[in-house]
Structure formats: structure tokens, C-alpha cells
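Taking it in order: structure first as C-alpha cells, then the write-up.
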Amino acid sequence: MSSQSENGGAQVPVGSAVTSSGAPSAQEASRPNAAPPARPSVARGDFGGTHFVLPASRPVFGRAVFPGRSERTRSTLSVLSGESVPSSPILVPLLRTVQNTHPGEDLSVLERAFTVADTHHEGQKRKSGDPYITHPVAVTTILAELGMTGATLVAGLLHDTVEDTSYTLQQVREEFGEEVAALVDGVTKLDKIQYGENAQAETVRKMIVAMAKDIRVLVIKLADRLHNARTWRFVSSESSGRKARETLEIFAPLAHRLGMNTIKWELEDLSFAALHPKVYEEIVRMVGERTPERERHLAEIRGQIAEALDASGIEATITGRPKHYYSIYQKMIVRGKDFDEIHDLQAARVLVNSVRECYAALGVLHAKWRPLPGRFKDYIAMPKFNMYQSLHTTVIGPAGRPVEIQIRTHEMHRRAEYGVAAHWKYKDKVNQANSATPKAKEGELNWLSSLVSWQEEAKDSSDFLDSLRYQINTAEVYVFTPRGEVMALPTGSTPVDFAYAVHTEVGNRTIGARVNGKLAPLSSRLQHGDRVEILTSKSEQAAPSQDWLKFVGSPRARTKIRQWFSKERREEAIERGKDQLTRALRKHHLPLQRTVTSEALLAVAQDFNRGDVAALYEAIGSDAVGAHQVVDKLLQHLGGAEGTEEDLAETTQVTHPVRPGVLDAGVLVQGASDVYVKIARCCTPVPPDEIVGFVTRGSGISVHRKDCANMRVIPEDDDRIKDVSWAPTQSSLFLVEIQVEALDRKSLLYDVTKALSENHVNILSAQVHTSRSRLAISRFSFEMGDTRYLDHVLNQVRRIDGVYDVYRTSGHRPVNS
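Add 1 to the 1-based position in the sequence shown for the working numbering, that's all there is to it.
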């Protein structure tokens, strides 16, 4: 049995402990206390950090030769055995740390990486005035203290070279291998977050993607941010304040998500000191004043715990659990607690050798002291999102004062302190030595993969960043699927959030939910342990509700719902745009079928800065672009008067040669005989339309409506314009095309075709399209001999139930009878 105390009045981060001599550990030097002990400093560099001991594998790296450096390497390595002073004292803390954490590690590759970084950063200075090389060395020292080795340490030394010097990624690849190059590439752009919300959001997006490929990228970035935070005193208060807010919102929570609590706590305290220096100093003062008395009470508690466990045959290590300044501030400001109330709560941690002993120790302590109801949490059976495992309980201890106790194994403790770093090192020592990219166990960091897919779906950068802040700062609630699987959701989630977490389609089709076997409102808040079953609809009309946005709690659900309505609105706008453009073209008597499929329409879309025709339709349907504006642009792209003249010749239908003065198609040409006549396809006139003739080059006369858009650009005094009129004839059938718009219903197509057939028209083709809004758009082509009855036919169709509009589309052209 061993018992360790907190370090007197000094604030010591979790992960450090007082040595047997009572001296503080190395990490204490990095704390931003009011009167901190002197930090280890070499060549004015700031290398404070936490001392972690984790075994590691040894990756294989590429080789490189640096002439003249062999003596320097031997000199540096010899200092570790006390033989001589190295030529580069800046490197000594790093090499000593690596030897302490990983005895036998090959240090020559670090010397080579240092040489490259030192050479290429030569002449560069930090804001503090230190040589720039002190920064990558300090970052790498932090990584070594975390237990990282090999490629991660080399990447730490080189992480700024590619961006800030002439050293290239290809050189990294050639001299240190692909793994190091991939890490350097992943980190290169992440430490230059630009001012402004959108720029910052895009940078964080890239960081999320880089994390998915290799979490070590974020570990390096966190070490980089930590060292920069330790030197914020050398930059302006405005700059440090901005970085501190960014750290509290993004980087500290991400460290927490990775289980790297030692990094999280120091980042929070440093940010707190930068943002609220006076409040920070006051809390440091109050903690210092009360620490001696608190230590006396805590020593008594640890002694009684040790005695009780020893009597039960449980071997354990008992330590105090120090309070962190930022957490004290949060409890005082956010939760409104008094400082003495926070500080009087004693906290102890019990470390045992097995899971069985965790529960045995819990039983012993509950037998000794009365537990407070509702304060027990079993994170061993149900781990947190960041792999954290422990038993938490609060008991009424000596003198009736509450005592928080955490019980866990030594391995759980390492994981709680160092997160993914501990996981890599203890997962499989043998297999990891041969692996290229260490990753967290599948399923343990599901939140990371969900962030990756989510960042791809979120289109707006500021929305993404706001949602990310919510996601990584929000606690979680654990619920069960009908099959008994555990699902973690943000606290405050509803059955709708659960549905979208299962699958997007499940969310979109949700119509109800059962919670613990009983029907529950979709807006109800889920609690720990709830069993949730989602009821879905198989109907094609199943869709989410706008009202869901008022109560959903997860960014994923909110994003998916917005995506659905955005897509729905776009499709509806496209349909409206098509309809509006069709009506505008019809009013201008332009050839609909030729125009809407022509390259001219795509050119018009580009004129309005739209990527394609669908985007143009959407712009018309959402009133961003007027349909008549599009028609005017179309006329321009058709070439104006000259281009339209060619179109008049090319888009006409040849008929039989006619008898003098009378057209076989029913048109009388004034003052002309023995000419070929064509009915223009652009407007396909039929009786009783007012018509005009146009003499084409070598192709006879084309007949147009007087209000045809193509004819409007021809001067009225052009001698090629001829007077024509309709003449009675029985020798032609006219091809008619109409569009029927109706509310969709059963048997609608049958009723329309029946009405047309009963009016003795010969249906040639039919096309039917139903939009998402359940509007049926039908197009019919049919033949009729006497167009005087066309209005009657259209009126008969209009009388059909649900039909709200019927009109001609591309007109009519004569066909041989």
C-alpha cells in the first residue's frame, strides 16, 4: 500500500506526483502559478512539460548523411552518460527525456532531424527573441514526455520546416521516410489559423480530416499549441486573448476528446490566465491560502482509505486529486458555487491492479462511509467517448465532509491521463513495432469518424464551426438501441437525434418513437439508460418536419434536416423555374423544344453566373433571375435579326408545291404562285392565328404567326415579308402539342386521355412527370383536322377534376392527311 499527497500549496497537474523526498515533479515547472518554480531553460528556450513514462515501439526511418555532424552526434549522445558537454545544449532536455521514457531508443535519427531543422530555421527568431529552433525542440520534448516516439518526434522537430523554410516535403520523404512526411504534411498548415470565423472554420475542417488519417497529427498540433501558450507572455494581450479563446473553444476540448487530460488542463489554465489575469491571480491566491489545511484533511482521508483497503487485502495506491484553476473558475462563474464550497470538497484517487479489485474497493469504501445517493457513476462498464474508465462515488467522510473518490486500475489511469498516447503504447507492443500508423481501437473514437462525415456534409463554414464547438464541448447521454447496443448522443438529445444517429433515412422517415416501451413525444429529452425504438413510415411522402429544428440537440440531426429541406426547396424552385420560363417562351412565341435543349440556354445560364441549366431554373424559380430576362438573353444568343433570319430558314417544315395563289396547307399567298411553302416550327401557326410570310433563301416562303419572336426582329419594311392568309382546305391535319397541369391523383392520366379521345383527336404521344409537391405535368401530342375546335378540346380537359391549367406549347404543324 502506498499513499501520495498533493504538493503543499502548489498547484500540481494530474499526472504528476510528489516524489519521496517531497520535491515537486518536472511538470510543476510548466504551471502558470502566481509564483511558480523556475522552469528548466536551455539557451533561453522554454521547455517546461510533464514527465510521462510510456513504453514504445521503434519505427524504421529513412537514412540521411550530414557531413561534419558525426562528431556533434557523438558529443550530444555522450552528455547523457556525463562524458562531456554537447555542442548543442538546446537538444539535451529532449534527448534526456527520450532516454528516460524509452531507454535504448535510437537517438541518432533525432540528431539528424534536429540538424535539418536547426540549419533551415537559422536566423529566424521567436517573439521572445529566442532562436526559432527552440520552439520545435520544445514541442518535441512535450511529445516525448507524452510518451510519443519515432516518427512523431521527428515530425515534431520538422513540423515548421516545410511551411517556413525552403525545405520541401519531398526532402522530408527522402531523408526520413513516408511516415514522417505524412505527419509533417498533416501538421504543416494547421498552425496558421487565419483571422476571421470562416478562415478559422476551414482550418479546423482540415484538422478534422487530418485527424481521421492519423491522430498523431492532432497530438503534434496540441503540443505545438501548448508550447505557444506557455510563451503567450511575449505577444500582445490582443493576440494572446484571441488565441486563448480559440484554445478554450477548440483545442482544449479536442484534447479532452482524445483523453489527453494533462494537456487539456494546462491549456485551460494558461488560456484562463491570458483571458482573465486578475481573476486567475485571485484564485491562485485563495488556493494557496487554503491548501495547508486542506492537505491535513486529505492526509487523514488517505490514511483511512489505505487502512480499510489493506484490511481487506486490496493492494492500492492512493493519491490526492488536485483542483485546477480553470475548473474552479467554471464552477464559481457558471454554476454559481462559492469558493469554499468547491475547495472544501475533498478528492481522492484509488489505483488498483484489476477490474475485480475496483469493485471490491468500492464495496469496502461504501461499507466504511455512507455514499451520497445519485453520485455513483460506473464508467468501467460504460466508458466515456474518450476511452475514460473509472468508478466515481461521493461519500460522507470524516467530520461529515463529502469526499469524492475515483477508483480505477493503473492502466485505466494512464489512459485517463494520456488518452490515445497511452492506448498506442500499451495496445500491442510487439505488433505495433511493425505497424505503419498507430490508430485508436475501432469503435473507441466513433465521435471522430462522425466529425469527419459531418464536416463533409456541412456546407457553411461558420455553421460547421459553431456546431463543432457544441459537439466537442457537450457532455453525452448513453442510450440503448432495441438490440441492446449502446449509443452516445449529446446531452439534451431527443428521439429524432437518435434516429438520425442510426441513419439519415431513418431520421427522414421518423413518425414516432417508443422510449422504454412507451410511446413518447419526439421532442422528449433522452436520459441515461433509455431504450429507444424509432417508428418509421414506408410512404414515399415521408419527410422530416421543420418543427424538429426547434428541439433537436445534435449537430448531425440539425444538418440533415436542413439538407433535406434545402434539397426539397431546390427541386421545387427548379420546377417553378421551368414553368415560368416555359410560359415566358410561349408568350414570346419562341420554339420551346428547340430552345430549352439548346446550347444557347446553357450560355444564358453562364451569363447569369449559374453553373448549369438546372441552376438557372432554380434562380428563376426563386425569383433571383426573371424569366423575361432569360428570354431576352436567349434572343441575343440566337443572333438577333440576322441570326434569327437563318433560324427562320432552318426551322421550317416543307409542304407540297401549291397551285397558283393557294396553299395546300390552307394558306393563300398574295401576289405569288408556284412557290414552296413551309410552316415555321418556331411558332407553328394554325387557323385562326394571324400569319405572315417570309421569303427564305432558296427555300420558298415560311409562314409564321405575326407575333412570332423571330419575326419581331425583322424590319416591317423588309421586302421579303409577304402577306398571307388562311384559305379553307380539307387536305391537312395539324399536329397539336399541349401541356396539362394538375394536382396529382389516381386515374388522372386516364381521365385526360379519355377527354381527348372523346373529342376525336388522335393522340400520338404523352409524357407525364410528377414533382415532389405532387403536381402532375403532362404533355400530349395529337392530330386534329379542324383547329377551330381546339379551344373546345382544351376546355373539356380543363373541366377534369384537379386540372388547373391547359395550354398549347410548341404549336401545331401540318402533316399530310
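Idealized CB from N, CA, C, for every residue including glycine. All values reported here derive from a predicted model rather than from experimental measurement.
Candidates A616, V762, S109, F609, of which the one nearest L635 by Cα: Residue numbering aside, residue 635 sits at position 634 when the sequence shown is read from its first letter. Of the candidates A616, V762, S109, F609, the one whose C-alpha sits nearest the C-alpha of L635 is F609.
Residue span of the alpha helix (DSSP H) that contains E477, given as start and end: Taking the first residue of the sequence shown as 1, we reach residue 477 at position 476. It is not in any alpha helix (DSSP H) - E477 instead sits in the beta strand (DSSP E) that spans 477 to 481.
Contact between the stretch 522 to 529 and the stretch 574 to 584 (3+ Cβ pairs under 8 Å): no
Meets three-Cβ-pair contact criterion under 8 Å: the stretch 249 to 262 and the stretch 304 to 312: no
Assumed close pair V725, I692 - CB separation to whole angstroms, cut-off 8 Å: As a working note, residue 725 is residue 724 in the sequence shown. As a working note, residue 692 is residue 691 in the sequence shown. Sure, about 6 Å apart at Cβ, within 8 Å.
T495 and F552 closer than 7 Å at C-beta: On the sequence shown, residue 495 is found 494 positions in, with the first residue counted as 1. On the sequence shown, residue 552 is found 551 positions in, with the first residue counted as 1. In this structure, T495 lies near F552, with their beta-carbon atoms less than 7 Å apart.
Beta-bridge partners of L520, as assigned by DSSP: Stepping through the sequence shown from its first residue, residue 520 is reached at position 519. Per DSSP, R515.
Proximity winner among E112, K332, C359, G398, relative to K369 (alpha-carbon distances): Here residue 369 refers to the residue found at position 368 when the sequence shown is read from its first residue. Closest by alpha carbon: G398.
Contiguous beta strand (DSSP E) assignments of at least 3 residues, all confined to the stretch 704 to 761: 725 to 727, 733 to 744
Cβ-based burial, Y805 [other Cβ within 10 Å; buried from 16]: On the sequence shown, residue 805 is found 804 positions in, with the first residue counted as 1. Exposed is the call here.
Pick from F499, D341, R809 that is closest to T788, judged by C-alpha positions: If you number the sequence shown from 1, residue 788 lands on position 787. Answer by Cα proximity: R809.
H136 - containing alpha helix (DSSP H), residue span: Taking the first residue of the sequence shown as 1, we reach residue 136 at position 135. It spans 135 to 147 - the alpha helix (DSSP H) in which H136 sits, taken as one unbroken run.
Helix, strand or coil at Y808 [DSSP, three-state]: For the purposes of this step, residue 808 is taken as residue 807 along the sequence shown, with counting starting at 1. The answer is strand: DSSP assigns Y808 an E or B state.
Own chain partners of E269 with C-beta closer than 6 Å, once the 5 adjacent residues on each side are dropped: For the purposes of this step, residue 269 is taken as the residue at position 268 of the sequence shown. Hits under 6 Å: A253, Y327.
A224 versus A615: straight-line alpha-carbon distance, rounded: The sequence position of residue 224 within the sequence shown is 223, counting from 1. The sequence position of residue 615 within the sequence shown is 614, counting from 1. The C-alpha of A224 lies about 48 Å from the C-alpha of A615.
Cutoff 6 Å; reference Q671; Cβ partners in own chain excluding five residues on either side: On the sequence shown, position 670 is the one that residue 671 refers to. Hits under 6 Å: D724.
Three-state class that DSSP yields for F115 in the structure shown: Here residue 115 refers to the residue found at position 114 when the sequence shown is read from its first residue. F115 falls in the helix class under three-state DSSP.
Same chain only: Cβ atoms within 7 Å of C359, ignoring 5 sequence neighbours per side: Looking up residue 359 in the sequence shown gives position 358. Within the same chain, C359 has close Cβ partners V353, I381, L392, I408, R409, T410.
Backbone secondary structure at P132 - three-state DSSP: Position 131 of the sequence shown, counted from the first residue, corresponds to residue 132. It is a strand residue.
Residue nearest to L144 in terms of C-alpha spacing, selected from K222, S623, G124, R243: Along the sequence shown, one-based indexing puts residue 144 at 143. Closest in alpha carbon position to L144, among K222, S623, G124, R243, is K222.
Where the alpha helix (DSSP H) through R1 begins and ends: With the chain covering only 2 through 818, there is no way to say anything about residue 1.
Rounded C-alpha distance that separates E541 from V220: Along the sequence shown, read from residue 1 onward, the residue named residue 541 stands at position 540. Along the sequence shown, read from residue 1 onward, the residue named residue 220 stands at position 219. Distance between the alpha carbons of E541 and V220 is about 47 Å.
Proximity below 7 Å, CB of I801 to CB of D745: Taking the first residue of the sequence shown as 1, we reach residue 801 at position 800. Taking the first residue of the sequence shown as 1, we reach residue 745 at position 744. The answer is no: Cβ separation not under 7 Å.
Residue from H761, V769, R780 with nearest C-alpha to L791: In the sequence shown, the residue the question calls residue 791 occupies position 790. That would be H761, whose Cα lies nearest to the Cα of L791.
Any beta strand (DSSP E) of 3 or more consecutive residues that is wholly inside the stretch 298 to 381: 318 to 321, 347 to 353
C-alpha gap between G49 and W266, whole angstroms: Sequence index remark: in the sequence shown, residue 49 carries index 48 (1-based). Sequence index remark: in the sequence shown, residue 266 carries index 265 (1-based). Bear in mind that the predicted position of G49 carries a pLDDT of just 35, short of 50, making it too unreliable to give a figure here.
Run of the alpha helix (DSSP H) containing V821, from where it starts to where it stops: This structure cannot speak to residue 821, because the chain is shown only from 2 to 818.
Residue range of the beta strand (DSSP E) that includes F783: Along the sequence shown, one-based indexing puts residue 783 at 782. Unbroken beta strand (DSSP E) run through F783: 776 to 785.
For M383, the three-state DSSP class (helix, strand or coil): Here residue 383 corresponds to residue number 382 of the sequence shown, with the count starting at 1. Coil.
Proximity winner among R234, P545, D624, relative to A274 (alpha-carbon distances): As a first step, residue 274 must be located in the sequence shown, where it is residue number 273. For A274, the nearest C-alpha among the options comes from R234.
Beta bridge counterpart(s) of G694 as assigned by DSSP: The sequence position of residue 694 within the sequence shown is 693, counting from 1. V704, K723.
P688 (DSSP reduced to helix, strand or coil): Reading the sequence shown from its first residue, position 687 is the one you call residue 688. Residue state, collapsed to three classes: coil.
Beta-carbon contacts of H298 that lie in its chain and below 8 Å, excluding the five residues immediately before and after: Position 297 of the sequence shown, counting from 1, holds the residue named residue 298. Within the same chain, H298 has close Cβ partners Q347, P399, A400, R402.
As assigned by DSSP and simplified to three states, the class of A224: In the sequence shown, residue 224 corresponds to position 223, counting from 1. Residue state, collapsed to three classes: helix.
Same chain only: Cβ atoms within 7 Å of V280, ignoring 5 sequence neighbours per side: If you number the sequence shown from 1, residue 280 lands on position 279. Same-chain partners within the cutoff: Y330.
Endpoints, the alpha helix (DSSP H) within which Q172 is located: Numbered from 1 along the sequence shown, position 171 holds the residue referred to as residue 172. Its alpha helix (DSSP H) spans residues 170 to 177.
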